[in-house]
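Visitor: Take a look at the following structure, please.
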Amino acid sequence: MREFDYRRADDVSGAVALLGADPDARYLGGGTNLVDLMKTGVERPARLVDVRTLPLDRIEPAGDGGLRVGATVTNSDLAAHPGIRHRYPALTQAVLAGASGQLRNMATVGGNLLQRTRCGYFTDVTKPCNKRAPGSGCPAVQGEHHNHAVLGASEHCVAVHPSDMGVALTAFDAVVSYESADGPGELPLADFYLPVGDTPHRETALPPGALITGVTLPPAPVAARSRYRKVRERASYAFAIGSVAAALDVSGGVVRDVRLAFGAVASRPWRAGIAERVLTGAPATAEYFAAAADAELAAARPLPDNGYKVTLMRNLVVAVLSELAEEAAR
1 MREFDYRRAD DVSGAVALLG ADPDARYLGG GTNLVDLMKT GVERPARLVD
51 VRTLPLDRIE PAGDGGLRVG ATVTNSDLAA HPGIRHRYPA LTQAVLAGAS
101 GQLRNMATVG GNLLQRTRCG YFTDVTKPCN KRAPGSGCPA VQGEHHNHAV
151 LGASEHCVAV HPSDMGVALT AFDAVVSYES ADGPGELPLA DFYLPVGDTP
201 HRETALPPGA LITGVTLPPA PVAARSRYRK VRERASYAFA IGSVAAALDV
251 SGGVVRDVRL AFGAVASRPW RAGIAERVLT GAPATAEYFA AAADAELAAA
301 RPLPDNGYKV TLMRNLVVAV LSELAEEAAR
């Protein structure tokens, strides 16, 4: 591990200034991803700016009836919060599915959104990787890719984003707040992650040196009947091979509102906007749920060893939406 300087920030503006003074600096929250990457040599910061003690650890009502979640709120506190559990249950389920209790107690909301891919080529510094070393190539395209992207990828990178929390936040139109050297700003989560294109090393639209300060969940009555379903290769804590965050509002057997986001199929949480449009105003039946999934997945471009994800996601969408529709009919 490279020797590094350590500073503890006293306030948000001080944290931004400390990072801006060193282009090789990184913010440190819970460290559950960053420290692992430092140990393997993927991340080699010259300075860590500890933001864990900043006053960003609260979940509070937003002015419009939503909720604002501070960036240093732990995953455990987020999952246990009554407002989250009752108004956005899929978010609680996503967080609880994401990691063990020990990790949830350390990991922060801001850090979760910024975690890096678990692609084996990315985490192995002896291998080429365009995300880690731009221009070096993407060996996963011809190599091991059974858990890689089927949507939105490019020849330059086929890695997937690992966050469970981010999938649920994407379904609920969350907005990321940040502080930069130029002042505060906001980014809808739909615009927060950049398309892969030919620059997979550029992962977010955050300005250089920006610090995430919080995430706002807009009011969404449909979110009260929501679910997160994760499929993984083992029953214990593991990263998804496919996941769905879904919310459904049904009246008279017809879909009035629906939210869908997919995980582990793209370089970012994938908002299934095509499927949502197909379903809105349609009968709440398995037939239409399958048609909506097919419409969304028509853009899938699987590699030789990950085509199973298309079938997996179709079945997952039908199963989760059918369960929500049955609950609405009771």
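Residue numbers (the UniProt record's numbering): 1 to 330. Heads up, the beta-carbon is just placed ideally off N, CA and C, and yes, glycines get one too.
Using beta-carbon positions only, say whether A300 and V310 come within less than 7 Å of one another.
Guide: By one-based count along the sequence shown, residue 300 stands at place 300. By one-based count along the sequence shown, residue 310 stands at place 310. Closer than 7 Å, so yes.
Visitor: If you draw a straight line from the alpha carbon of G209 to that of P23, how long is it in whole angstroms?
Guide: Taking the first residue of the sequence shown as position 1, residue 209 is located at position 209. Taking the first residue of the sequence shown as position 1, residue 23 is located at position 23. Those two C-alpha atoms are separated by around 8 Å.
Visitor: Measuring CB to CB, does residue 331 end up less than 7 Å from C138?
Guide: This structure cannot speak to residue 331, because the chain is shown only from 1 to 330.
Visitor: Can you find at least 3 beta carbon pairs, one from the segment 9-21 and one from the segment 31-42, that sit closer than 8 Å?
Guide: The segment 9-21 and the segment 31-42 do not touch, with fewer than 3 CB-CB distances between them shorter than 8 Å.
Visitor: Within the continuous beta strand (DSSP E) that includes G273, where are the two ends?
Guide: Taking the sequence shown and counting its residues from 1, the one referred to as residue 273 is at position 273. No beta strand (DSSP E) contains G273, which is instead part of the alpha helix (DSSP H) from G273 to L279.
Visitor: Using a Cβ-Cβ cut-off of 7 Å (strictly less than) and excluding sequence neighbours within five positions of E233, which residues of its own chain qualify?
Guide: For the purposes of this step, residue 233 is identified with residue 233 of the sequence shown, where counting begins at 1. Exclusion of the five residues before and after E233 leaves I241 as the residues of its chain whose Cβ lies within less than 7 Å of its Cβ.
Visitor: Distance check for A245 and T170, CA to CA, integer angstroms please.
Guide: The residue you call residue 170 lines up with position 170 of the sequence shown. The residue you call residue 245 lines up with position 245 of the sequence shown. Using only the alpha carbons, I get a separation of about 9 Å.
Visitor: Is S243 buried or exposed, if buried means 16 or more other CB atoms sit within 10 Å of its CB?
Guide: Position 243 of the sequence shown, counted from the first residue, corresponds to residue 243. The residue in question, S243, is buried, as its Cβ has 16 or more Cβ neighbours within 10 Å.
Visitor: Between the beta-carbon of P302 and the beta-carbon of H201, is there less than 7 Å?
Guide: Taking the first residue of the sequence shown as 1, we reach residue 302 at position 302. Taking the first residue of the sequence shown as 1, we reach residue 201 at position 201. No. Outside cutoff.
Visitor: Using only the alpha-carbon positions, how far apart do L28 and V73 sit?
Guide: Counted from its first residue, the sequence shown places residue 28 at position 28. Counted from its first residue, the sequence shown places residue 73 at position 73. L28 and V73: Cα-Cα distance of roughly 13 Å.
Visitor: Under the DSSP definition of a beta bridge, which residues are partnered with S180?
Guide: What you label residue 180 is simply residue 180 of the sequence shown in a count that begins at 1. Looking at the DSSP assignment, S180 forms a beta bridge with G183.
Visitor: With a cut-off of 8 Å, do at least 3 Cβ pairs link the segment 191-205 to the segment 220-227?
Guide: no
Visitor: In this structure, does DSSP put P218 in helix, strand or coil?
Guide: To locate residue 218, count along the sequence shown from 1; it is residue 218. Correct three-state label for P218: coil.
Visitor: Between N75 and the rest of its own chain, which residues show a CB-CB distance below 6 Å, the 5 nearest in sequence each way excluded?
Guide: Here residue 75 corresponds to residue number 75 of the sequence shown, with the count starting at 1. Within the same chain, V95, R104 and A107 come within 6 Å of N75 by CB-CB distance, once the 5 residues on both sides are set aside.
Visitor: Given a cut-off of 7 Å on the beta-carbon distance, is the pair L206 and L321 in contact?
Guide: The sequence position of residue 206 within the sequence shown is 206, counting from 1. The sequence position of residue 321 within the sequence shown is 321, counting from 1. Their beta carbons are not under 7 Å apart, which means L206 does not touch L321 by this criterion.
Visitor: Using the beta-carbon count (16 or more within 10 Å), is P269 buried or exposed?
Guide: Taking the sequence shown and counting its residues from 1, the one referred to as residue 269 is at position 269. So P269 ends up on the buried side.
Visitor: Anyone know if the C-beta pair for V109 and V69 falls short of 7 Å?
Guide: Reading the sequence shown from its first residue, position 109 is the one you call residue 109. Reading the sequence shown from its first residue, position 69 is the one you call residue 69. In contact: V109 and V69 (Cβ atoms closer than 7 Å).
Visitor: Kindly give me the distance between the Cβ atoms of L316 and V231, rounded to whole angstroms, as I take these residues to be in contact under 8 Å.
Guide: Sequence index remark: in the sequence shown, residue 316 carries index 316 (1-based). Sequence index remark: in the sequence shown, residue 231 carries index 231 (1-based). About 7 Å; that satisfies the 8 Å criterion.
Visitor: In chain order, what are the residue ranges of uninterrupted alpha helix (DSSP H) at least 4 long that sit wholly in the segment 207-267?
Guide: If only uninterrupted alpha helix (DSSP H) runs of at least 4 residues are considered, none is enclosed by the segment 207-267.
Visitor: Straight-line CA distance for residue 331 to A181?
Guide: For the chain, the structure presents residues 1 to 330; residue 331 sits outside this window and is missing.
Visitor: Starting from R85, follow the beta strand (DSSP E) in both directions and report where the run begins and ends.
Guide: Walking along the sequence shown from the start, residue 85 turns up at place 85. Not the beta strand (DSSP E): R85 falls in the alpha helix (DSSP H), residues P82 to R87.
Visitor: Going residue by residue through the segment 123-175, where are the continuous alpha helix (DSSP H) segments of at least 4 residues, counting only ones entirely within it?
Guide: 165-171
Visitor: Kindly give me the distance between the Cβ atoms of R227 and L324, rounded to whole angstroms, as I take these residues to be in contact under 8 Å.
Guide: Counting from one through the sequence shown, the residue named residue 227 turns up at place 227. Counting from one through the sequence shown, the residue named residue 324 turns up at place 324. Indeed they touch by this definition, with Cβ atoms about 6 Å apart.
Visitor: Three-state secondary structure (DSSP) at E3?
Guide: Numbered from its first residue, the sequence shown carries residue 3 at position 3. Coil, per DSSP.
Visitor: Within 10 angstroms of the Cβ of A329, are there 16 or more other Cβ atoms? Answer buried if so, exposed if not.
Guide: Within the sequence shown, the letter at position 329 stands for residue 329. It counts as exposed.
Visitor: Which residue marks the beginning of the alpha helix (DSSP H) containing E327, and which one marks its end?
Guide: Reading the sequence shown from its first residue, position 327 is the one you call residue 327. Per DSSP, E327 is one residue of the alpha helix (DSSP H) stretching across Y308 to A329.
Visitor: Measuring alpha carbon to alpha carbon, tell me which of G30, A62 and L67 ends up nearest T53.
Guide: In the sequence shown, residue 53 corresponds to position 53, counting from 1. Residue G30 is the option with its Cα nearest to T53.
Visitor: Would you kindly check if the distance between the Cβ of G214 and the Cβ of A71 is under 7 Å?
Guide: Indexing the sequence shown from 1 puts residue 71 at position 71. Indexing the sequence shown from 1 puts residue 214 at position 214. Yes, they are a contact pair.
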